[in-house]
Amino acid sequence: MPLFYAYIANIGDEETFRWQAVFASRAVADEWWRALSASPHARFIKRVAPGVYAQDATQRNLSDLFDIPELKPIAEMFRGRVQFADLNDGAVPTLPPQEVTNHISGGWYHIRSISNHALCWHYDAAENRIRASGDEPTPFRISIRNGVPEETIMASKDRITLYISSHLHVDIGQSGQLQARAGSPVDFKFHQLESGDFAMFEDASVVFVDAADSTLRLMSWELFPAPSPTQHETTIEPSDAENTTLVVVIEYREYEYGKVLDSEYFAAIATLPNILYLDLSVLSDDLHPCLRIMETVPSLIAIRVDEIRHPDHDQFFEALAADSPLHTLVQFKDDLTGIINKYRDNRLRYEADFIHDASSTLDGIPASKPAVGRLSPPPLVCTRIQGALPDDQDKIIANIVYFVSSTSHLSKLCFVSKKFKALVTPSLYRSLDFDHPKNIVLYAERITGQPNLGSYLEDLSHSIALVHGADALVQLAGIFVHTTNLKSFQAPPTDLHRNSSPSPWAVFTSLAQHTGRTLEKLEVFVLLGGVEPPALWTSFEKLKDLTWRWGDPFQHEVVVPHDAMPLLEKLTLRQYDPSFVRVLIQMNLPSLTTIVDLTDGNDALLKHHGPKITTLLITESTSLLVLNLCPNIRTLTILSYKDFLVCDGKISEHKASLILNHAEDHQHLAKIRFKCQMPMKGWDVVRKQWDPSSGYSALLEIQIYDIVWPENTDHAIGRNVWVKWSAQLLEDHNIKLTNSRGDAWVQRFKLTK
Numbered sequence: 001m002p003l004f005y006a007y008i009a010n011i012g013d014e015e016t017f018r019w020q021a022v023f024a025s026r027a028v029a030d031e032w033w034r035a036l037s038a039s040p041h042a043r044f045i046k047r048v049a050p051g052v053y054a055q056d057a058t059q060r061n062l063s064d065l066f067d068i069p070e071l072k073p074i075a076e077m078f079r080g081r082v083q084f085a086d087l088n089d090g091a092v093p094t095l096p097p098q099e100v101t102n103h104i105s106g107g108w109y110h111i112r113s114i115s116n117h118a119l120c121w122h123y124d125a126a127e128n129r130i131r132a133s134g135d136e137p138t139p140f141r142i143s144i145r146n147g148v149p150e151e152t153i154m155a156s157k158d159r160i161t162l163y164i165s166s167h168l169h170v171d172i173g174q175s176g177q178l179q180a181r182a183g184s185p186v187d188f189k190f191h192q193l194e195s196g197d198f199a200m201f202e203d204a205s206v207v208f209v210d211a212a213d214s215t216l217r218l219m220s221w222e223l224f225p226a227p228s229p230t231q232h233e234t235t236i237e238p239s240d241a242e243n244t245t246l247v248v249v250i251e252y253r254e255y256e257y258g259k260v261l262d263s264e265y266f267a268a269i270a271t272l273p274n275i276l277y278l279d280l281s282v283l284s285d286d287l288h289p290c291l292r293i294m295e296t297v298p299s300l301i302a303i304r305v306d307e308i309r310h311p312d313h314d315q316f317f318e319a320l321a322a323d324s325p326l327h328t329l330v331q332f333k334d335d336l337t338g339i340i341n342k343y344r345d346n347r348l349r350y351e352a353d354f355i356h357d358a359s360s361t362l363d364g365i366p367a368s369k370p371a372v373g374r375l376s377p378p379p380l381v382c383t384r385i386q387g388a389l390p391d392d393q394d395k396i397i398a399n400i401v402y403f404v405s406s407t408s409h410l411s412k413l414c415f416v417s418k419k420f421k422a423l424v425t426p427s428l429y430r431s432l433d434f435d436h437p438k439n440i441v442l443y444a445e446r447i448t449g450q451p452n453l454g455s456y457l458e459d460l461s462h463s464i465a466l467v468h469g470a471d472a473l474v475q476l477a478g479i480f481v482h483t484t485n486l487k488s489f490q491a492p493p494t495d496l497h498r499n500s501s502p503s504p505w506a507v508f509t510s511l512a513q514h515t516g517r518t519l520e521k522l523e524v525f526v527l528l529g530g531v532e533p534p535a536l537w538t539s540f541e542k543l544k545d546l547t548w549r550w551g552d553p554f555q556h557e558v559v560v561p562h563d564a565m566p567l568l569e570k571l572t573l574r575q576y577d578p579s580f581v582r583v584l585i586q587m588n589l590p591s592l593t594t595i596v597d598l599t600d601g602n603d604a605l606l607k608h609h610g611p612k613i614t615t616l617l618i619t620e621s622t623s624l625l626v627l628n629l630c631p632n633i634r635t636l637t638i639l640s641y642k643d644f645l646v647c648d649g650k651i652s653e654h655k656a657s658l659i660l661n662h663a664e665d666h667q668h669l670a671k672i673r674f675k676c677q678m679p680m681k682g683w684d685v686v687r688k689q690w691d692p693s694s695g696y697s698a699l700l701e702i703q704i705y706d707i708v709w710p711e712n713t714d715h716a717i718g719r720n721v722w723v724k725w726s727a728q729l730l731e732d733h734n735i736k737l738t739n740s741r742g743d744a745w746v747q748r749f750k751l752t753k
């Protein structure tokens with residue numbers, strides 16, 4: 001790779017401390033800037049362009065990179081890969097021509113061959129393939145994973161995701177071929193574009209390779225800017241629209257979705273062609289203006305509400321105009337003459353997908369990258385399944401399978417139609433839950449005769465009944481041999497007796513060996529002894545969410561590679577032996593941001609991984625100074641399994657107030673959650689022992705699950721201590737106090753004469 005040059009100007013004057021930087025490559029220059037921008041020295045230098053920087057030499061002179069002790073950590077990373085030439089003689093040398101693309105996370109780019117600029121990546125939607133050709137290049141949005149802010153300069157070791165649109169990303173299909181897919185995105189390392197990890201088949205398909213393959217044409221690729229494509233939805237030709245019907249099903253639960261189901265989304269639904277039915281699980285006051293939008297849809301036959309009509313609904317109908325279609329469109333569950341109780345043809349059934357944290361648990365810990373609380377865009381409507389994108393095909397087939405399996409006279413369709421069986425088999429076997437030992441034995445027999453069934457399985461779980469079936473549990477090891485695309489494996493949620501199952505370590509070893517490269521979520525079941533080879537932990541290349549809950553010690557001193565589990569984001573510890581902590585601290589775990597520790601905590605674990613943690617759940621019984629061990633934490637949840645005991649107005653040691661007391665100001669902690677059950681007297685003691693005005697400069701919210709806001713009366717408000725504390729926190733410290741739903745108290749307006 002050619003050398004890369006950059007000017008470094010001094011913002012103080014144009015005469016002194018001007019430098020020319022020479023980097024070993026463009027990639028080294030970006031790595032150098034990323035290291036500087038993430039350090040405390042970032043405020044002294046600004047990146048004007050890829051080849052131009054401006055420094056405040058009165059504060060820090062970059063030419064002293066290798067001499068100043070404070071810069072030593074950065075200097076050692078780039079020793080021998082960068083040097084500086086003094087330009088203080090007034091001369092400005094002419095740098096060699098260098099075509100530079102600003103590699104900004106979140107930007108849109110074309111991807112072209114370094115050796116042949118006419119050869120670019122093109123997405124073939126008809127075949128769902130990415131090919132290298134001279135056709136019009138497809139723009140790709142490229143973003144860094146793991147919560148790195150947009151517009152960050154991408155460096156070689158960053159893990160990136162390539163997006164084709166707002167809901168489609170580049171995925172790896174069979175034989176490594178690149179294709180488009182929705183859902184959970186995969187990622188690559190940024191340097192792999194240039195290092196030859198993306199090769200070409202003979203048909204020009206772009207393929208991802210982990211190692212050199214002499215049968216493939218290995219190539220290096222580069223980015224060049226592309227305009228941001230105009231976001232638009234795929235439209236339907238008139239001939240298709242005439243034959244397309246759609247049922248929109250909105251499972252509306254006011255507690256969870258009351259703030260995100262709005263008129264804007266219903267307006268988008270109303271634009272879909274030929275909607276026949278709108279199904280609602282409940283008709284609340286918030287939905288009244290939304291339904292007024294739907295009354296203008298000419299194709300709508302009925303709005304079916306899956307609840308019995310009650311007096312609260314009368315107000316809605318009384319407010320309607322006499323000629324409003326909603327008088328007859330809205331039909332309730334107890335309307336025996338309505339179409340809600342009749343058979344109807346569902347050619348395409350779309351269930352509105354609420355974007356929320358599906359992986360969150362009752363412990364109150366959000367995902368490391370929480371999704372926006374909004375609804376997904378309206379669905380892509382297609383008549384012929386062959387013309388739909390892969391993810392839309394999955395939705396259509398899944399609803400067909402549901403319809404067939406729930407209809408008695410159609411349930412045996414798979415046995416009489418080979419074509420239908422071939423179409424729905426992947427959907428039938430995509431997710432399995434073994435709730436009885438005999439089911440896993442039957443599946444093991446079936447997968448032995450038809451190994452291809454295992455490739456369809458993505459989500460596998462089993463109940464506690466399976467664990468007590470020893471023969472059935474052993475079958476898991478053989479099943480994992482065939483589950484080459486498994487993404488999630490979950491064991492029973494309850495703690496198990498240590499003598500309930502035989503030889504489970506072999507099962508875990510098989511899981512790691514055969515599915516580790518695809519597994520993203522794992523809840524570890526019982527482990528009894530065994531030998532723990534180092535390669536076992538490196539098998540989990542894509543694991544993002546690990547739950548560990550067994551307290552037996554490892555029988556041998558385990559040596560674990562430091563680069564094992566590089567994508568792990570969330571670690572949940574329900575029960576563990578200290579020997580497991582010795583395993584964890586041998587790993588770098590660069591992506592780890594969330595720890596849920598339901599035990600008393602472990603000092604060694606937080607000393608090693610605490611600085612990278614941004615979200616932590618800890619029990620009130622811990623004696624650890626978690627705020628000192630986790631200097632970058634943004635959300636802290638304190639959990640109590642039992643009531644607080646208050647004796648003589650004092651709380652015993654290791655309670656919430658002691659966890660929160662620390663010596664220095666915590667500059668990142670923005671939210672504290674209390675998942676505790678205790679009487680109001682206990683909360684009064686916490687308030688007295690803990691002073692949020694000292695050491696919490698970044699704190700914005702305190703969430704207490706015990707809070708119940710009063711009725712809107714003077715008497716109820718005057719007796720509620722939460723209202724008083726809320727007003728005090730907001731006025732004195734600008735801290736918001738919220739209940740378990742995240743609702744803050746809104747002060748009533750008072751009328752004065």
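Heads up: the sequence shown is residues 1 to 753, going by UniProt numbering.
Note that beta-carbon positions come from the ideal geometry of N, C-alpha and C, so glycine has one too.
Residue i - DSSP class collapsed to helix/strand/coil
i, result
"P225", "strand"
"F540", "coil"
"K650", "Annotation note: pLDDT 48 at K650 (below 50); position unreliable, coordinate value reported separately. DSSP places K650 in strand when its eight states are reduced to three."
"residue 754", "Because the chain here runs from 1 to 753, residue 754 falls outside it and cannot be looked at."
"T509", "helix"
"V207", "strand"
"S455", "helix"
"V22", "strand"
Opening and closing residue of the beta strand (DSSP E) in which residue i lies
i, result
"I702", "E701 to I704"
"E523", "K521 to E523"
"K736", "K736 to T738"
"T328", "Counting along the chain, T328 falls outside any beta strand (DSSP E), though it belongs to the alpha helix (DSSP H) covering L326 to L329."
"L617", "T615 to T619"
"K570", "K570 to Y576"
"H122", "C120 to D124"
Inter-residue CB distance, residue i and residue j (contact presumed, cutoff 8 angstroms)
i, j, result
"P36", "V22", "One detail in the question is off: residue 36 reads as Leu in this sequence, not Pro. With a Cβ gap of about 16 angstroms, L36 and V22 do not count as contacting."
"L616", "L636", "6 angstroms"
"S299", "L276", "6 angstroms"
"F66", "A75", "5 angstroms"
Bounding residues of the alpha helix (DSSP H) (the contiguous stretch that carries residue i)
i, result
"R446", "P437 to G449"
"Y265", "S263 to A270"
"F317", "D314 to E318"
"C290", "H288 to M294"
"R145", "Run containing R145: none; DSSP gives neither H nor E here."
"R26", "R26 to S37"
"G196", "Taken as a continuous stretch (DSSP letters only), G196 belongs to no alpha helix (DSSP H), as it is neither H nor E."
"L428", "K418 to L428"
Straight-line gap, residue i to residue j (C-alpha atoms, nearest Å)
i, j, result
"N243", "L442", "Here the model assigns N243 a pLDDT of 37, short of 50, so the residue's position is not dependable and the matter cannot be decided."
"L528", "S510", "For L528, the predicted model reports a pLDDT of 49, less than 50, meaning its position is unreliable; a value from the coordinates is still stated below. So the alpha carbons of these two residues sit roughly 15 angstroms apart."
"G742", "T599", "26 angstroms"
"A204", "Y109", "20 angstroms"
"N628", "L669", "11 angstroms"
"I735", "A322", "49 angstroms"
"A42", "A54", "11 angstroms"
"T593", "T16", "43 angstroms"
"Q98", "Y7", "13 angstroms"
"Q177", "R430", "21 angstroms"
"L522", "F580", "16 angstroms"
"L218", "T271", "46 angstroms"
"V507", "R549", "16 angstroms"
"L432", "E520", "16 angstroms"
Beta-carbon proximity check, residue i vs residue j, cutoff 8 angstroms
i, j, result
"W221", "I130", "no"
"P139", "C120", "no"
"residue 814", "I595", "The shown model of the chain, from 1 to 753, leaves out residue 814, and the question about it has no answer."
"K570", "D552", "no"
"E701", "K671", "yes"
"K333", "I303", "no"
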